[in-house]
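The next block holds one structure in the form of structure tokens; read it before the comments.
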Amino acid sequence: MSLRIVFMGTPDFAVPTLSALLGSVHQVVAVYCQPPRPAGRGMALRPSPVQMLAASAGLPVLTPLSLRPSETVAVFAAHEADVAVVAAYGLLLPTAILPLPSHGCLNLHPSRLPRWRGAAPIQRTLMAGDPETAICIMRMEAGLDTGPVCLAEQVRIPPSMTAGELHDLAAERGAELMLAALAALEADKLVCRPQPTEGITYAAKIDKTEAHIDWRRPATHVCDHIRGLSPFPGAWFELGPERLKVLRAEVSRGHGEPGRVLDDSLVVGCGEGAVRLLELQRAGRKPMPALELLRGHLVPVGTQLG
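So, in structure tokens, the structure goes:
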């Protein structure tokens with residue numbers, strides 16, 4: 013049996029799920045995503061990754077600025093969908109939309125709910141140093157990521173994993189999990205259980221002001237901060253007039269004044285312990301191994317990083 017699906021997603025994270033649906037027995041009858049945004053040096057309007065994939069597959073694409081207008085709700089209802097599949101769409105679904113698919117709306121969320129509800133669960137998970145997380149399929153309701161969880165897959169987080177790596181892993185496994193949820197839905201075996209009332213945290217959107225590295229924090233916290241913001245927006249420090257992003261670092265032996273370069277392998281003192289910088293990026297340049305990038309930019313032992 014084939015389900016009629018409205019897909020709702022916008023960025024790269026949502027692409028594997030849409031691709032999986034296109035390769036399945038189900039029928040994607042419409043795709044909703046955020047409108048094209050200005051991008052690049054010329055600031056020309058650029059369609060989102062989901063819109064580009066949907067257009068290449070010949071699917072109707074809708075990019076409303078809001079889902080609240082009555083005419084937008086009427087258009088959504090006209091799809092006569094069995095289920096809406098949502099993955100990083102970027103707009104809240106109003107209460108007028110949620111009950112329109114006959115089986116409701118299923119959302120792919122990359123955290124162990126109710127921990128890290130909200131906009132930036134992957135980054136917040138790593139910045140907090142969580143040793144594990146989960147990928148969840150949740151039945152949506154009016155609250156922010158408050159709906160019952162239907163399926164969940166636990167994910168162990170290695171100490172060196174970056175937000176970019178966890179993003180890609182969650183996107184691929186999430187697509188598989190969504191197909192499993194739809195199969196269970198077809199068989200009338202999809203059981204969704206309320207989230208616990210304890211352990212609720214919120215993953216606020218990342219503010220660029222958070223990206224400045226505070227060397228006064230313990231080394232483990234500095235590393236978690238760096239990998240949680242890698243590759244975007246990228247944790248940074250100042251070296252003279254230049255701002256450098258740190259994309260990878262590791263806890264290292266040593267101790268010294270916070271922000272002070274302790275040896276010629278770019279070990280930097282922290283509030284407790286030290287970190288070794290492994291991968292850096294200059295403005296407008298590609299990421300490079302830290303020692304290679306700074307080969308022509310001598311950083312003597314004792315240099316104070318801003």
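Per the working numbering, the sequence shown starts with residue 13, numbered consecutively.
For each residue, glycine too, the CB sits at the ideal point set by N, CA and C.
As computed with DSSP, Trp248 is found in a beta bridge with His224, Lys257. In the DSSP assignment, no residue is bridged to Leu191.
Spanning the alpha carbons of Val279 and Gln39 requires a straight line of approximately 54 Å. Residue state for Gly21 is assigned as strand, using DSSP reduced to three classes. The beta-carbon distance between Gln207 and Leu125, rounded to whole angstroms, is 5 Å. This is short enough to meet the 8 Å contact definition. The shortest CA-to-CA distance from Asp275 to any of Gly283, Cys282, Gly266 is the one to Gly266. DSSP, read as helix, strand or coil, puts Met64 in helix. Taking C-beta atoms as the reference points, Phe19 and Val97 count as a pair closer than 8 Å. For Pro230, the three-state secondary structure derived from DSSP is strand. In its chain, beyond the 5 residues on either side, Ala131, Ala132 have a beta carbon closer than 7 Å to the beta carbon of Lys217.
Taking 8 Å as the cut-off, the beta carbon of Ala195 is found no closer than this to the beta carbon of Arg136. Linking Ala261 to Arg168 through their CA atoms gives a straight-line distance of about 19 Å. Between Ala223 and Pro245, the C-beta gap is smaller than 8 Å, which places the two residues in contact.
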